[in-house]
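The next block holds one structure in the form of structure tokens; read it before the comments.
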Amino acid sequence: MLHKQIAKALVTVVVGLVYSMTSVSFTVLAMRKAQGANNAPPAPAKKKLVRSTKKAVAPSPKPFSKECLEFLSVGTAALLVACVAALRMDNPVATPLQTLALIFATLFGFVAAVRGPASFNKVVHPLITSSAVTVAVVQLIAKGTGSDLKSVLKSYKVGSLNPMKMGAGDALLWILGPSVVSFAVSMYSRKTLIYENLLVILIGVAVASAGGLFATAAFVRAINVGNAVPRLSLLPRNITTALAMVIADLVGGDISQAAVCVVFTGVIGASFGKYLLAALGIHDPVTRGMGMGGSAQGLGVSAMSNEPDAFPFAAIAMVLTAVASTVIVSIPGTRDALIKLATGDITAAAAAAP
Amino acid sequence: MKFSSSVAVCSLALVVAILLCTSLSSEAHISTPATTTSLLSLPEYRDAERVYQSNSHSIHQRNVLATEFRGGAIKKKAAASKKANKKKTAVVFTGPNVLEKLPVDALTGIVFMGLLDALLKKVFQSANINFPSMLGGCMLLFVVAVGAETVHPGWGDAIESFLTPGSALLAKWLPAFFVPGLAMLPLAPSMGTGLDVRKCFHAAMQTNIVSLDECYLQNIDYFSYL
Chain A
1 MLHKQIAKAL
11 VTVVVGLVYS
21 MTSVSFTVLA
31 MRKAQGANNA
41 PPAPAKKKLV
51 RSTKKAVAPS
61 PKPFSKECLE
71 FLSVGTAALL
81 VACVAALRMD
91 NPVATPLQTL
101 ALIFATLFGF
111 VAAVRGPASF
121 NKVVHPLITS
131 SAVTVAVVQL
141 IAKGTGSDLK
151 SVLKSYKVGS
161 LNPMKMGAGD
171 ALLWILGPSV
181 VSFAVSMYSR
191 KTLIYENLLV
201 ILIGVAVASA
211 GGLFATAAFV
221 RAINVGNAVP
231 RLSLLPRNIT
241 TALAMVIADL
251 VGGDISQAAV
261 CVVFTGVIGA
271 SFGKYLLAAL
281 GIHDPVTRGM
291 GMGGSAQGLG
301 VSAMSNEPDA
311 FPFAAIAMVL
321 TAVASTVIVS
331 IPGTRDALIK
341 LATGDITAAA
351 AAAP
Chain B
1 MKFSSSVAVC
11 SLALVVAILL
21 CTSLSSEAHI
31 STPATTTSLL
41 SLPEYRDAER
51 VYQSNSHSIH
61 QRNVLATEFR
71 GGAIKKKAAA
81 SKKANKKKTA
91 VVFTGPNVLE
101 KLPVDALTGI
111 VFMGLLDALL
121 KKVFQSANIN
131 FPSMLGGCML
141 LFVVAVGAET
151 VHPGWGDAIE
161 SFLTPGSALL
171 AKWLPAFFVP
181 GLAMLPLAPS
191 MGTGLDVRKC
201 FHAAMQTNIV
211 SLDECYLQNI
221 DYFSYL
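Given below as structure tokens:
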């Protein structure tokens with residue numbers, strides 16, 4: 001029974017991705033055609049030309065150095081020992097030490113994953129590896145202190161920023177604040193592009209955000225996914241994780257389930273998004289970028305990096321879709337309507353409302 | 001009892017610090033400042049000039065490899081450049097002032113954005129507005145920058161260049177900030193047993209739905225890759 005519920009959630013992610021990609025792409029394409037854009041497929045390059053312009057490209061450098069990884073691994077190990085010792089002695093500095101140890105473990109897991117073999121990262125996303133490392137370190141702490149995983153994990157995020165109480169999760173989630181604020185810099189750097197294609201972008205973003213939210217709400221209700229919490233957690237599936245967690249929180253979903261849905265959507269979008277767009281006969285770069293950014297968030301955007309004309313639009317669509325979706329969910333009326341559509345129960349909407 | 005345990009923890013912390021320093025200085029040319037800056041360094045592909053010490057050598061090695069593919073004529077140039085780079089790296093690593101190596105501009109930008117977020121959070125709370133302060137800050141910053149550029153050309157760009165290093169640094173680490181969301185999954189309301197989750201995971205793996213394009217790891221834009 002529960003197995004079926006998880007399968008339904010996966011179906012929602014896959015169908016939702018296809019829906020968002022097709023709806024955004026065809027809406028933008030219609031507008032682009034009305035503006036006189038050409039959707040013809042690019043002319044195939046001549047073999048001779050390809051050979052002459054082919055360059056040996058060295059692999060891109062890893063974003064993190066070996067020294068950084070060493071520092072984090074040694075720090076994690078040392079802090080883990082210190083934290084377990086402090087916890088066993090019931091010392092008041094045990095909590096800050098545990099917080100530090102888990103911050104180091106999280107960063108170590110992330111850096112190790114990013115620096116890891118590309119073939120492994122193709123199958124397992126670094127975010128998943130990093131989370132697994134964090135949970136493994138939590139398990140080690142639990143074993144070392146004779147406790148259980150869940151009770152230690154509860155102290156990972158306690159919802160306080162008091163240095164003597166806060167968990168590693170609180171500190172890391174706090175940094176999400178300035179990170180989301182910094183999206184403004186990215187938007188500003190592309191302001192000319194936004195201005196020149198304002199109408200197309202606005203319509204595309206409206207379809208991706210409002211269409212994505214309400215269609216997902218209707219779909220999860222139609223196929224009868226689990227109870228209210230997983231249904232509401234699935235709503236921000238096509239929104240970048242930073243704001244997907246905010247949206248899940250606003251509608252009364254679970255941020256962990258929302259994060260998993262977002263990761264799955266991104267992975268599938270990055271793997272198959274370009275093939276789907278090609279199969280749908282969409283060759284206009286603006287349309288391809290908008291379709292990918294509005295449906296598969298950051299991973300989809302990264303997959304467009306070898307299409308220089310489409311890439312900026314994918315990035316713009318990703319950020320603006322996230323912003324627009326959060327605005328929609330922040331309005332009490334639309335939030336309640338969305339929750340009601342997803343759960344079919346007005347009491348759930350009342351419970352989620354502040 | 002409490003005092004003695006505090007002393008024990010303090011000594012342990014001291015041992016930890018010594019361990020860290022020892023492990024970091026085990027490589028003769030790398031000192032703690034180099035590691036600190038490697039933790040805080042900006043993405044290399046974005047702005048080559050902003051690459052900090054610890055990564056520069058490996059990048060250069062790759063560049064040399066790339067040029068060697070292209071032809072022997074460039075090899076000499078590359079070798080000369082390699083020498084120059086080595087020299088540069090050595091000077092950077094042995095620099096006397098740790099603070100000089102810290103990306104102060106990036107940290108200033110992050111502190112500014114953090115303060116803006118915190119300020120807006122208080123304002124929204126006091127006005128009883130249920131809107132994420134981070135998004136409010138993002139929109140406010142964008143509107144202010146565009147407005148400033150309209151009123152006085154150059155002002156908006158100045159704001160952008162002030163915040164770009166911090167924005168790039170945050171983007172480099174951004175996916176790590178999502179980990180709490182996934183790591184807390186064992187505490188999430190149940191959707192299934194561990195066995196159910198495993199079954200679904202295997203089903204997903206068998207249908208090979210996860211075969212990512214390699215590029216995503218190497219092309220972190222200002223946005224996160226999620």
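Going down the list, the sequences are from chains A and B.
Counting in our numbering, the first sequence runs from 1 upward without gaps.
Counting in our numbering, the second sequence runs from 1 upward without gaps.
Note that the Cβ used here is the ideal one computed from N, Cα and C, for glycine as well.
If you're wondering where the values come from, they're calculated on a predicted model, not measured in any experiment.
169, 172, 173, 175, 176, 177, 178, 179, 180, 181, 182, 183, 184, 185, 186 and 187: these are the residues of the segment 158–187 of chain A whose beta carbon lies less than 7 angstroms from some beta carbon of chain B, given in chain order. Below the 7 angstroms Cβ cutoff, chain A contributes 63 as neighbours of residue 172 of chain B, in chain order.
At a cut-off of 8 angstroms, the C-beta of residue 239 of chain A has no neighbouring C-beta in chain B.
Two segments are said to touch when three or more pairs of C-beta atoms, one from each, lie closer than 8 angstroms; by this definition the segment 303–310 of chain A touches the segment 280–290 of chain A. Residue state for residue 63 of chain A is assigned as coil, using DSSP reduced to three classes. The residues 328, in chain order, have a CB closer than 7 angstroms to that of residue 210 of chain A in the same chain once the five nearest residues on each side in sequence are set aside. Across the structure, residue 104 of chain A and residue 235 of chain A are spaced so that their CA atoms are roughly 32 angstroms apart. Here residue 307 of chain A carries a coil assignment [DSSP, helix/strand/coil]. A check of alpha carbon separations from residue 167 of chain A across A:259, A:124, A:3 and A:158 identifies A:158 as the nearest.
Secondary structure of residue 178 of chain B (DSSP, three-state): coil.
For residue 334 of chain A, the uninterrupted alpha helix (DSSP H) run begins and ends at 332–343, by DSSP.
Under the 8 angstroms criterion on CB atoms, residue 187 of chain B is classed as interfacial with respect to chain A. Here the alpha carbons of residue 206 of chain A and residue 199 of chain A stand approximately 11 angstroms from one another.
For the 8 angstroms CB-CB criterion, residue 141 of chain A and residue 68 of chain A do not form a contact.
Counting only Cβ-Cβ distances below 8 angstroms, residue 19 of chain A has no contacts in chain B at all, with the closest Cβ about 17 angstroms away.
Comparing C-alpha distances from residue 295 of chain A to each of A:184, A:204 and A:37 shows the shortest one belongs to A:204.
Note on residue 117 of chain A: under 16 other CB atoms within 10 angstroms of its CB, so exposed under the neighbour-count rule. Among the residues of the segment 141–165 of chain B, those with a Cβ less than 9 angstroms away from any Cβ of chain A are 141, 142, 143, 144, 145, 146, 149, 156, 157, 159, 160, 163 and 164, in the order of the chain. Comparing alpha carbon positions, the residue from A:18, A:102, A:149 and A:66 closest to residue 139 of chain A is A:149. Residues 8 of the same chain have their beta carbon placed closer than 8 angstroms to that of residue 224 of chain A, with the five preceding and five following residues left out of the count. Taking each of A:270, A:284 and A:342 in turn and checking the Cα distance to residue 123 of chain A, the smallest one comes out for A:270. In this structure the segment 172–190 of chain B does not lie against the segment 116–136 of chain B, because fewer than three pairs of beta carbons, one per stretch, are closer than 8 angstroms.
If you draw a straight line from the Cα of residue 111 of chain B to the Cα of residue 157 of chain B, it comes to about 19 angstroms.
Burial state of residue 178 of chain A is buried, judged by a 10 Å Cβ sphere holding 16 or more other Cβ atoms.
Contact between the segment 72–88 of chain A and the segment 145–160 of chain B is absent: fewer than three C-beta pairs spanning the two stretches fall below 8 angstroms.
When the Cα atoms are used, residue 222 of chain A and residue 216 of chain A turn out to be separated by approximately 10 angstroms. Around the beta-carbon of residue 231 of chain A, 16 or more other beta-carbon atoms lie within 10 Å, marking it buried.
Ranked by Cα distance from residue 193 of chain A, the options A:342, A:324, A:333 and A:313 are led by A:313. Short of 7 angstroms from the beta carbon of residue 114 of chain A, and not among the five residues preceding or following it, lie these beta carbons of its own chain, in chain order: 62, 63, 64 and 126.
Scanning A:326, A:273, A:340 and A:339 for the CA closest to the CA of residue 130 of chain B turns up A:326. Boundaries of the alpha helix (DSSP H) harbouring residue 231 of chain A: 228–234, taken from the DSSP string. Proximity of chain A to residue 117 of chain B at the Cβ level (cut-off 7 angstroms) is accounted for by 177, 178 and 181, in chain order.
At least one CB atom of chain B sits nearer than 8 angstroms to the CB of residue 126 of chain A. With a minimum length of 4 residues, the unbroken runs of alpha helix (DSSP H) contained wholly in the segment 234–294 of chain A fall at 241–251 and 255–279. In the three-state reduction of the DSSP assignment, residue 5 of chain A falls in the helix class, which pools H, G and I. Contact between the segment 329–336 of chain A and the segment 238–253 of chain A is present: 3 or more CB-CB pairs across the two stretches fall below 8 angstroms.
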